[in-house]
Structure formats: C-alpha cells, structure tokens
Amino acid sequence: MRVWIFFLFCLAGKTLAAPTEEEPVVEEELEVGTNPVQVETGEFDEAIEVVEDVIAENPCLNHHCKKGKVCEVDDSNQPMCVCQDPLTCPAPVGDFEHVCGTDNKTYESSCHFFATKCALEGTKKGHKLHLDYIGPCKYIAPCLDNELNEFPLRMRDWLKNVLVTLYERDEDNNLLTEKQKLRVKKIYENEKRLEAGDHSLDLLALDFEKNYNMYIFPVHWQFGQLDQHPVDGFLSHTELAPLRAPLIPMEHCTTGFFEQCDADQDNYIALEEWANCFGIKEREFLTMLLIFLLSSVNLIC
C-alpha cells in the first residue's frame, strides 16, 4: 500500500506536501458545505481573509485581513492589518453567540475570540489558543473507551444522512455538484438504505457491514468539504472547526475521536488517517486518494 501511496503522491508533486507548522493564509474565502450542524468555515477559520467594508477612496478597499484583524492606513497612506480591539466587536445578541476557547474561557462572540487571539500572536499562549466549540464553556463528561469505539458508528450514519438530506433539498440550491448528486442518488434510491432515526449500535454495526459501499462516499465527501484552506490532503484544527465546534456540546466523544484519528500526533489528520478512523478499507482509500488528487489540482505530469 505504501508504494502505491508514494506513487500517487509523486504525481501530485508538491500538492500533498506535509503542511508546515504555520497555517497558510489563503487568497479568498471558500464556501464550505452546508451540513445541518456544520457552520460556515468563515466563523472559525483563523486563516481565512475577509474584506474590510470601507469607502472606495480608502486604501483599505479590497485589502484583506484575516479574522481578528482590521485594516488601517499608516503614515504613508498604505493599508496594513492590525489586531482588532475586542471593544469594537458588536455586542452579542444572546448566549447563542458565545463561544468557548481551548483555554476553557467563554468569549462573548467569535469576533471577541479572534480579536483576543490576535493580541496574543507570537506568544506560546496564542499559538495554543483555538476556538473549541459553540456556546458558553461547560462541563463535558469524559469519553469512556467503549463510547469512543461506538462513536464512528453514529458518525458514519450521520454523514450518510446529511448527504441524503442535501440531495432531497437540492433542487435549485446547488448544494451538491452534478457528480455528487449522481453518487448520492444511488444511496437515496437503494431499498436497503437504513432510514434516518435513533438506531441501536448493533443495528448500525450490522448495516455498515452489509451496506458498506453506502458509507464510502459520505466519508470521502466530508473530508473534501473540510479540506479547503489549503486543499492539501490534511485537516488542521482550524479546518475541522466547522464540523467539530457545533458537535462537541452534543457529542462528548467528538474531541477524543478526532484526537484518535490523528494517529501520528502531528496535529493534522491526513486522508489516510481519516479513512482509517471511519473503518474504510485500504482498497477504497486508494480510490479516495486518486479522486482527491484529480479533483484538487491539475496534475503536473
């Protein structure tokens, strides 16, 4: 398997080079999929740049600053990005705007969080600080080993049902591409499909065994939805945020699951690690990898 992976990665040149310790800044914000509990990446992505809303004559027009920073003009009338003062953030409407940081501190809103993180830039505390989940910080019960082993069963079933829901709603909304619609249509029309609902773990395990092929595409699709900044075959903490941040308050094993997925503990979840933690077999992983390479960039060979 390693020989094949090496061969495929060679085809992609530097495309799948291991990410550096610093997360790169992208040129523009890319839209992420609309999972029912997945929020848009822009709310959490520390590397996504946003356009400051300024008058046309201002040099800051179309000058991009990442989350937590705003554009100002220096003495030479040149635009520059500076950390936003948390006091300038809009007052939260309610508790639902509160977010919890990895420092176990509740912030009034994501704006307040990123402004605070920006002020800590270059420090050890700032490097470790990330947005953890939506809502005020609260006690989250420890995830037991048996619960962690059961988590992928529910997660796989949820991903499948997310795609089916998008397919049902996708008339003129362009929630899925035409190729994705064809893939999901086969799942949707399959009479053996386990309908959405509160199923026992034994039934979920049996369904995964009998209808294994229905789960391959949903797992691959979710990775592609998250791997956006940049598209490199690795998921960073920031890229995972749109999925994990809304889930953590509801699923107390979410953090442990993604930590377990990162088998080599390098703070990035590679495509192979993602497939393994969802129980996708080696032969399907190779297909997923090839599709990823062909869809992410034009091959240089």
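According to mature numbering (1 follows the signal peptide of the UniProt record, and there is no 0), the residues represented by the sequence shown are -17 to -1, 1 to 284, in order.
All C-beta atoms, glycine included, are put in the ideal place defined by N, C-alpha and C.
- One thing to note: D68 has its Cβ no nearer than 9 Å to the Cβ of P119.
- Spatial neighbours of A246 in its own chain (CB-CB distance under 6 Å, excluding positions within 5 residues in sequence) are listed in chain order as E256.
- Residue pairing by DSSP places V167 in no beta bridge whatsoever.
- Pairing D115 with I231, the inter-Cα distance amounts to about 8 Å.
- The Cβ-Cβ distance between P73 and S92 falls below 9 Å.
- Residue range D128 to R152 is occupied by the alpha helix (DSSP H) that includes V145, with no beta strand (DSSP E) assigned at that position.
- If you draw a 10 Å sphere on the C-beta of H110, you find fewer than 16 other C-beta atoms in it, and that means exposed.
- Across the set R152, T160 and V147, the C-alpha of V147 shows the shortest separation from the C-alpha of I170.
- The DSSP-derived three-state label of C236 is coil.
- For V82, the enclosing beta strand (DSSP E) stretches over residues V82 to G84.
- Per DSSP, the beta bridge partners of Y116 are C83.
- For V145, the number of other beta carbons within 10 angstroms of its own is at least 16, and it is reported as buried.
- Bridge partners of L44 according to DSSP: none are assigned.
- Residue burial annotation: S183 is exposed, with fewer than 16 other C-beta atoms found within 10 angstroms of its C-beta.
- For C94, the three-state secondary structure derived from DSSP is helix.
- By alpha-carbon distance to V65, the top candidate from T85, K121 and C54 is C54.
- Taking 9 Å as the cut-off, the Cβ atoms of I117 and H235 do not count as close.
- Between L226 and L254 the beta-carbon gap is near 15 Å, outside 8 Å, which marks them as no contact.
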